[in-house]
Amino acid sequence: MDASGLNDAGPFFLSGSVGLTGANDRSDVIKAQTLLANTGYLNLPAPGVPTGWPSADLFSGITRLQKDNGLEADGILLPLPRNGIGPNGEGETLQRLKDTIGPRFDGYAAATPEDVDHYFAQQSRRGANESPAGPDAIVTLADQARTGAPVGAKPIVDAKPQISAKAAENRAVVADLLDDPRVRAFLDTLAGRESSGRYNVINGGQRFDDYMRHPNIKGKDSKAAGAYQFIPDSWARMAKELDLRDFSPDSQDMAALHLLRMINPGGVKDANAIARLQRGDIEGAIFAAGSQWDAFPQDASEKSGTGHLRPLQPIIDQYNRRLRDLR
118 MDASGLNDAG PFFLSGSVGL TGANDRSDVI KAQTLLANTG YLNLPAPGVP
168 TGWPSADLFS GITRLQKDNG LEADGILLPL PRNGIGPNGE GETLQRLKDT
218 IGPRFDGYAA ATPEDVDHYF AQQSRRGANE SPAGPDAIVT LADQARTGAP
268 VGAKPIVDAK PQISAKAAEN RAVVADLLDD PRVRAFLDTL AGRESSGRYN
318 VINGGQRFDD YMRHPNIKGK DSKAAGAYQF IPDSWARMAK ELDLRDFSPD
368 SQDMAALHLL RMINPGGVKD ANAIARLQRG DIEGAIFAAG SQWDAFPQDA
418 SEKSGTGHLR PLQPIIDQYN RRLRDLR
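Residue 118 is where the sequence shown starts when you use our numbering, and the numbers rise one by one after that.
Set out below in structure tokens:
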């Protein structure tokens, strides 16, 4: 760690804000979770490994830390400028954390999202009740304080989890499609209609904090959850075909896009929602998606599969606005 403790890999360097209204980049959230856990303001899931996904507990922990230290309790962790706290107090919460536990992090490189995902994937293969072991186990500072492990232990990534050739192929196709602004705009429009774009909502409005798996909790009318309101059976099928190991926002996006590629009303070749979208047939893409999602109409009657009226033009307008934003 350099003298300031703000090298990009260090836990006190944030690229953006973390908190209820923060940017919540996953790398920054991992660092915030690590810092809050090591000051007693956040309990991480056993065995004390950060996830990188923001939660109400994290936001509450930031607020409590600020209150206890006489800082403005806005629940936001702002980056610390390299020359110290900003003129309007920017970075004061992070500076307080650095003053309190900074020496314990000398030489420590924060875990990356890839490190965390690799760890949990391996834990899934070992079994939920088996303790982490071996050189690939992540050792957080919370664990170090409890077990006496050397400070600065860094996760070692030896090999990525093996997935089937078909899952790898599916992932590659989906990853390429996600770079297409038309596809991204279509996903955002669908999520906006299904859940107001909230990745942590259960049918009816209840929230969940654990992105490690589909919550499988009965909401108002069903167990649908996430931005695209996946029911457990549909999620399990998509997760298997893509070898998804969690219910994170990225996994939800991939699963929704994969399902859109599979929807092929009438069995006509290249009539799936994404093929239609890429041909410029936005209306046809919406109708194809409507055969799976109730937020879209499934045909020119503008009714969903459950008979609810879903006017077409507002959906097209929403898609076009989002597409302009992305271009």
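Glycine included, each C-beta is placed from N, C-alpha and C at the ideal position.
Here L426 is exposed: its Cβ has fewer than 16 other Cβ atoms, across all protein chains shown, within 10 Å. DSSP places F303 inside the alpha helix (DSSP H), whose first and last residues are P298 to S312. Look at A285 here: in three-state DSSP terms it is helix. Between G139 and G133, the gap from beta carbon to beta carbon is short of 8 Å.
Here I147 is buried. Its C-beta has 16 or more other C-beta atoms within 10 Å. Assigned with DSSP and collapsed to three states, F176 falls in helix. Taking C-alpha positions only, E189 is separated from E207 by approximately 11 Å. Restricting attention to S172, L137 and L131, the CA atom closest to the CA of G192 is found in L137.
Beta-carbon to beta-carbon, L374 and V291 are separated by about 5 Å, close enough to satisfy the 8 Å threshold. One alpha carbon belongs to F176, the other to W170, and they sit about 11 Å apart. Of the candidates A302, K283, Q369 and N333, the residue whose Cα lies closest to the Cα of R315 is Q369. Going by DSSP, D350 is part of the alpha helix (DSSP H) stretching over P349 to L359. Taking the Cα positions, L440 is about 14 Å away from G309. A straight-line Cα-Cα distance of about 39 Å links R199 and T306. When C-beta atoms of the stretch 215 to 233 are compared with those of the stretch 140 to 159, three or more pairs fall below 8 Å, so the two segments count as touching. Under DSSP, V135 shares a beta bridge with L194. Between the alpha carbons of I403 and D326 lies a distance of about 30 Å.
The DSSP-derived three-state label of I334 is coil.
When DSSP states are grouped into helix, strand and coil, I319 belongs to the strand group. Looking only at G201, Y158 and Q395, the smallest Cα-Cα distance to K184 is reached by Y158. Between A356 and A372 the beta-carbon gap is near 7 Å, inside 8 Å, which marks them as a contact.
In the three-state reduction of the DSSP assignment, A342 falls in the strand class. Between P196 and L131, the C-beta spacing is below 8 Å. Between A417 and the set N287, E286, D411 and L429, the nearest pair of CA atoms involves L429. In this structure, the CA atom of S351 is about 45 Å from the CA atom of Q212. Taking C-beta separations shorter than 6 Å and ignoring five residues to either side along the sequence, the partners of F364 in its chain run Y328, R330 and H331, following chain order. Taking all protein chains shown into account, L359 has 16 or more neighbouring C-beta atoms within 10 Å of its C-beta and is therefore buried. Distance from the CA atom of A289 to the CA atom of L182, rounded to whole angstroms, is 42 Å.
Within the same chain, and ignoring the five residues on either side of T229 in sequence, the residues whose Cβ sits closer than 7 Å to its Cβ are S144. Under the 10 Å beta carbon count, L443 is surrounded by fewer than 16 other beta carbons and is classified as exposed. Comparing alpha carbon positions, the residue from Q395, I432 and N160 closest to F413 is I432. Beta-bridge partners of K215 (DSSP): none assigned.
Counting C-beta atoms within 10 angstroms of its own C-beta, I380 has 16 or more neighbours from the protein chains shown and is therefore classed as buried. R324 is bridged by DSSP to V318.
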